[in-house]
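> Protein chains in written order, with our numbering: chain C, 1 to 300; chain Y, 1 to 361. Think of the CB as a built atom: it goes at the ideal place given N, C-alpha and C, for glycine as much as any other residue. Submitted below is the structure of interest, expressed as structure tokens.
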Amino acid sequence: MEKTVNQKAWLLVLPVFLVVAFSAIIPMMTVVNYSLQDTFGNNQFFWNGVGWFKELLDPSTDLGGRFLASLGRNLFFSAVILAIEVPLGIVIALSMPREGWQVAACLVILALPLLIPWNVVGTIWQIFGRPDIGLLGYALNSIGIDYNYVANEFDAWATVIVMDVWHWTSLVALLCYAGLKSIPDAYYQAAQIDGASRWAVFTAIQLPKMNRVLLIAVLLRFMDSFMIYTEPFVVTGGGPGNSTTFISIELVKIALGQFDLGKAAAMSLVYNLIILIVCWVFYTVMTNAGAARRVNEGAK
Amino acid sequence: MSRIDLVDLAHSYGGNSADESTYALKPISMTWRQGGAYALLGPSGCGKTTLLNLISGIIAPSRGKILFDGKDVTPLSTQKRNIAQVFQFPVIYDTMTVGQNLAFPLKNRGVPRRDIEVRVSEIAHLLDLTPHLNRKATRLTADAKQKISLGRGLVRSDVAAVLFDEPLTVIDPELKWQLRSKLKALHLELDLTMIYVTHDQTEALTFADTVVVMHDGRVVQSGTPAELFEKPAHTFVGYFIGSPGMNIMPAEVKGREARVNGRVISLKRSYDSLPAGAKIEIGVRPEFVDIAKPAPDLLAAQIERIDDLGRMRFARVRVGDVKFAARLRESFSSTDGKCGLIFDAAHVHVYADSRLVEGTP
């Protein structure tokens with residue numbers, strides 16, 4: 001078959017190309033450009049090669065030290081909230097009613113925190129935790145616990161973590177609930193017939209049937225918590241000291257506070273790269289799980 | 001190993017309402033003897049699965065009692081009832097191997113490990129699952145998965161009964177036949193009471209030694225396949241069992257004679273005391289009606305079409321408004337489709353309000 005040559009077809013691709021260029025490629029290349037230079041203001045730029053990237057990965061320099069420390073805080077934060085939110089979400093999903101009006105009531109109540117904008121969540125907790133006027137802070141202090149998230153590192157971390165758990169456990173719970181609902185009644189009936197205990201039902205039926213939604217929940221929560229900015233920024237502003245300064249907060253400080261465009265550009269590129277890699281892992285794992293599932297169902 | 005008695009058992013999904021006609025299962029009393037192979041046969045929605053779930057304890061009855069060996073088990077949970085049930089769709093535990101799946105019911109009941117191994121390998125051998133014992137159950141075909149479900153039902157040697165809820169629905173027709181024969185063989189080998197729910201008459205008639213036919217929440221007849229075929233106790237049984245089903249037509253019955261369209265059909269027995277005001281019908285299986293040339297003393301009919309079933313040909317005919325099926329012999333031929341019907345008197349039954357009336361010889 002002879003191929004029709006039609007150069008006009010390029011015109012059809014052009015709008016998409018222009019949109020993508022302005023929305024992604026040009027800003028991205030600007031950042032790449034900045035990351036290779038240094039500036040002292042006055043719109044004067046000096047070539048620095050990969051210098052910023054070298055510094056970024058070297059803990060002995062100021063930039064590297066700040067980046068690696070905040071990366072460590074990010075990873076620790078993600079690990080803690082995953083360790084709390086996933087089991088808690090499963091427990092909530094398991095204890096939810098299966099039918100009747102109570103289901104709708106539970107779903108609405110669970111969905112409420114998810115509907116609140118990030119900075120409002122931050123403001124709620126910032127006021128809630130204040131020792132002088134906040135309900136939580138005042139109550140804790142009046143029962144003798146010296147709680148002050150502005151002064152104490154542990155309190156600041158506890159506040160940020162509890163806030164994230166409050167904000168996002170619902171997501172895990174809703175995903176798990178959807179997974180649980182998809183298990184046919186016959187499985188529970190068979191387990192009854194087989195004399196399975198409550199624990200055996202959980203480990204032999206519910207957990208294996210939930211593993212796909214759990215995977216989604218874990219990966220979503222990981223990515224989201226890794227990119228966290230607004231809530232800790234509003235509540236603690238990264239403090240006390242640098243104790244709750246996550247990468248995103250550090251980035252904003254360097255870029256907009258110090259106006260170190262080169263350093264900030266290099267850091268945001270590496271940050272971006274880490275998130276891209278996580279996305280790729282997410283995508284690969286999900287499609288593999290999907291393929292394995294199709295193979296299984298094809299055999300049926 | 002026990003006898004199961006149902007005493008005035010009834011169930012309504014809408015709670016214990018006073019209106020019996022809304023019951024999914026109307027009150028029944030019956031006995032299932034130890035070691036029997038039973039089939040519960042009936043169309044979808046007739047209450048057979050409800051009855052099964054009541055026996056296994058998955059649902060609690062609105063009324064009545066269930067006795068295992070004379071002991072009332074009605075308030076007991078499924079776990080404590082000592083019963084096995086296999087469902088319509090395969091249920092397997094994804095994370096376990098085939099062997100672990102089979103061992104699961106025994107493990108949960110604290111059976112010693114050595115006994116579990118012996119029993120599992122025995123059941124795996126009977127179901128041809130031995131080569132798969134160490135494989136993950138999720139990777140198998142639907143047939144194999146359903147075999148695992150069957151195996152889990154059969155693995156406990158002490159159960160009062162094994163209940164099957166249309167277990168072969170998802171299986172290919174060819175394998176269906178094999179598995180059914182296998183179940184039959186297992187029944188003989190393991191000496192378990194088996195109750196098999198199906199809406200497929202072939203399945204019921206080949207599997208069971210007693211077939212229980214249900215219709216609209218009631219048991220309408222329970223008997224051997226031959227009894228169901230030759231002497232249906234209810235017009236529904238006659239119609240539901242056999243292909244084509246029994247012919248039913250309104251008639252006036254007096255003594256040893258039935259009158260249809262002014263023609264007399266003679267009967268083997270005498271029916272003198274039929275209930276007054278009841279709807280009287282006669283029923284006869286197509287196998288016992290022959291088609292002949294029209295004659296003054298025969299019931300006249302019009303042939304509408306001929307079904308060739310291979311080993312037998314049936315003519316679909318019309319007698320007045322009533323549709324009828326009859327056996328067609330090779331020798332018969334007709335150009336205008338007019339014919340007469342010859343009845344085998346021994347196989348013509350009389351029904352009053354759909355129930356069989358026993359005549360006097």
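With a cut-off of 8 Å, does the C-beta of Y/Gly91 fall near any C-beta of chain C?
Reading the sequence as shown, one finds Val at residue 91 of chain Y and not Gly. By this cut-off, Y/Val91 is an interface position.
> If contacts are defined as beta-carbon pairs under 8 Å, then Y/Ala204 and Y/Leu41 qualify, I think. What distance do you get, rounded to the angstrom?
Contact holds; Cβ gap of about 4 Å.
> Could I get the ranges of all uninterrupted beta strand (DSSP E) runs contained in the segment 72–112 of chain Y, with 3 residues as the minimum, in chain order?
You should have 84–86.
> Which two residues bound the contiguous alpha helix (DSSP H) that contains Y/His349?
Premise fails: Y/His349 lies in the beta strand (DSSP E), 349–352, not in any alpha helix (DSSP H).
> Find the nearest neighbour of Y/Leu190 within the set Y/Asp209, Y/Val219, Y/Arg180, Y/Glu122, judged by alpha-carbon distance.
Cα-wise, what sits closest to Y/Leu190 is Y/Glu122.
> Terminal residues of the continuous beta strand (DSSP E) containing C/Ala39?
According to the sequence as given, residue 39 of chain C is Thr; it is not Ala. Start and end: 37–39.
> Run the CB neighbour count on C/Lys300, radius 10 Å, all protein chains shown included, and call it buried at 16 or more, exposed below.
Bear in mind that the predicted position of C/Lys300 carries a pLDDT of just 40, short of 50, making it too unreliable to give a figure here.
> Could you compute how far the alpha carbon of C/Val165 sits from the alpha carbon of Y/Tyr13?
Taking the straight line from one Cα to the other gives about 42 Å.
> Which same chain residues end up closer than 7 Å to Y/Ala345 when comparing Cβ atoms and leaving out the 5 residues on each side of it in sequence?
For Y/Ala345, where only same-chain residues beyond five positions count, the Cβ hits under 7 Å are Ser266, Leu267, Lys268.
> Given a limit of 8 Å on CB to CB distance, which residues of the segment 67–100 of chain Y reach chain C?
Within the segment 67–100 of chain Y, the qualifying residues are Ser77, Thr78, Gln79, Ile83, Ala84, Gln85, Phe87, Gln88, Phe89, Val91, Tyr93, Asp94, Thr95, Met96.
> For Y/Ile306, which residues from the same chain have a beta carbon less than 8 Å from its beta carbon, with the 5 sequence-adjacent residues on both sides left out?
Excluding residues within five positions, the ones whose Cβ falls inside 8 Å are Arg313, Phe314, Ala315, Arg316, Leu328.
> Which residue comes first and which comes last in the alpha helix (DSSP H) that contains Y/His187?
Looking at the DSSP string, the run of the alpha helix (DSSP H) that includes Y/His187 is 173–190.
> Does the distance from the C-beta atom of Y/Arg129 to that of Y/Lys147 stay below 8 Å?
Strictly speaking, residue 129 of chain Y in this sequence is Leu, with Arg absent from that position. Yes. Within cutoff.
> Output the distance between the C-alpha atoms of C/Ser225 and Y/Gly151, rounded to the nearest integer angstrom.
Each residue's alpha carbon lies about 47 Å from the other.
> Going by Cα to Cα distance, which pick from C/Leu14, C/Ala24, C/Asn74 is closest to C/Ile228?
Nearest option by C-alpha distance: C/Asn74.
> How many Å lie between Y/Asp321 and Y/Pro286 at the Cα?
So the alpha carbons of these two residues sit roughly 17 Å apart.
> Can at least three beta-carbon pairs, one atom from the segment 153–169 of chain Y and one from the segment 39–59 of chain Y, be found at a separation below 8 Å?
In short, these stretches touch, since the Cβ pair count reaches three.
> Once DSSP output is grouped into helix, strand and coil, what is the label at C/Asp155?
Note: C/Asp155 maps to helix in three-state DSSP.
> Residue range of the beta strand (DSSP E) that C/Gln258 falls in?
Premise fails: C/Gln258 is in no beta strand (DSSP E) and is neither H nor E.
> For C/Thr244, which residues from the same chain have a beta carbon less than 6 Å from its beta carbon, with the 5 sequence-adjacent residues on both sides left out?
Excluding sequence neighbours, C/Thr244 sits near Ala156, Val160, Pro232, Thr236, Gly238.
> If you reduce the DSSP assignment to three classes, tell me which class C/Met29 lands in.
In this structure, C/Met29 counts as helix in the three-state DSSP scheme.
> From the DSSP output, in three-state form, read off C/Gln44 for me.
Of the three classes helix, strand and coil, the one that applies to C/Gln44 here is coil, per DSSP.
> Please list the residues of the segment 141–166 of chain C that have a C-beta atom closer than 8 Å to any C-beta atom in chain Y, keeping them in chain order.
Answer set for the segment 141–166 of chain C: empty.
> Between C/Ile249 and Y/Pro131, what straight-line distance do the alpha-carbon atoms span, to the nearest angstrom?
Distance between the alpha carbons of C/Ile249 and Y/Pro131 is about 59 Å.
> Considering Cα atoms alone, identify which of C/Val150, C/Asp194, C/Leu175, C/Gln258 is closest to C/Leu88.
Comparing Cα positions, the closest option is C/Leu175.
> What residues in the segment 103–129 of chain Y have a beta carbon less than 8 Å from any beta carbon of chain C?
Under the 8 Å Cβ criterion, the segment 103–129 of chain Y contributes Phe104, Pro105, Asn108, Arg109.
> Looking at chain C, is there any beta carbon in it that lies within less than 8 Å of the beta carbon of Y/Ser29?
Taking Cβ atoms only, chain C never reaches closer than 8 Å to Y/Ser29, which makes this a no.
> Name the chain Y residues that come within less than 8 Å of C/Ser197, Cβ to Cβ?
What C/Ser197 touches in chain Y: Asn108.
> Does Y/Val348 pass the burial test, meaning 16 or more other C-beta atoms within 10 Å, or should it be called exposed?
Looking at its Cβ environment, which holds 16 or more other Cβ atoms inside 10 Å, Y/Val348 is buried.
> Going by DSSP in three states, Y/Thr235 sits in which element: helix, strand or coil?
Y/Thr235: helix per DSSP, three-state reduction.
> Quickly, what does DSSP pair Y/Val322 with across the bridge? List them, please.
The partner list for Y/Val322 (beta bridge, DSSP) reads Y/Val319.
> Are the beta-carbon atoms of Y/Asp209 and Y/Gly57 separated by less than 8 Å?
No. Outside cutoff.
> In three-state terms, what does DSSP make of Y/Thr335?
Y/Thr335: coil per DSSP, three-state reduction.
> Comparing alpha-carbon positions, which option in C/Leu219, C/Phe202, C/Gly262 lies nearest C/Val91?
Comparing Cα positions, the closest option is C/Phe202.
> When DSSP builds the beta bridges, which residues end up paired with C/Gly64?
None, per the DSSP bridge assignment.
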